[in-house]
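**Q**
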Amino acid sequence: MPAALTAFFLMGGYAFYVWLAVAMTVLPLALLIAHTFHARRALRRDIARREARERRRQQAQADAETPL
């Protein structure tokens, strides 16, 4: 590995603290993004379920109102 790249990763002797800080920043952001996608998918699923239920309810009401 080139010396400049090695020096970058070693961070002048503070590599542990610097990379720990980077990890403690990136990890929560990644978890937040994953949680947001999961919550969005669950919300869309819930909305679709509610809309389907409302359509079934309206159809049942329309069927009940039609004379035989």
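Residue numbers for the sequence shown follow numbering that gives the first Met the number 0, so the first one is 0 and each next one is one higher.
All residues carry an ideal CB built from backbone N, CA and C; glycine is no exception.
Just so we're clear, the structure is a prediction, and the values are computed from it rather than from any experiment.
Consult DSSP for Tyr13 and reduce its assignment to one of helix, strand or coil.
**A** In the structure shown, Tyr13 sits in coil (DSSP, three-state: anything other than H, G, I, E or B).
**Q** Could you give the DSSP three-state label for Met23: helix, strand or coil?
**A** In this structure, Met23 counts as helix in the three-state DSSP scheme.
**Q** Between Arg56 and the rest of its own chain, which residues show a CB-CB distance below 6 Å, the 5 nearest in sequence each way excluded?
**A** Excluding sequence neighbours, Arg56 sits near nothing in its chain.
**Q** Tell me the rounded alpha-carbon separation between Val21 and Phe36.
**A** C-alpha separation (whole angstroms): 23 Å.
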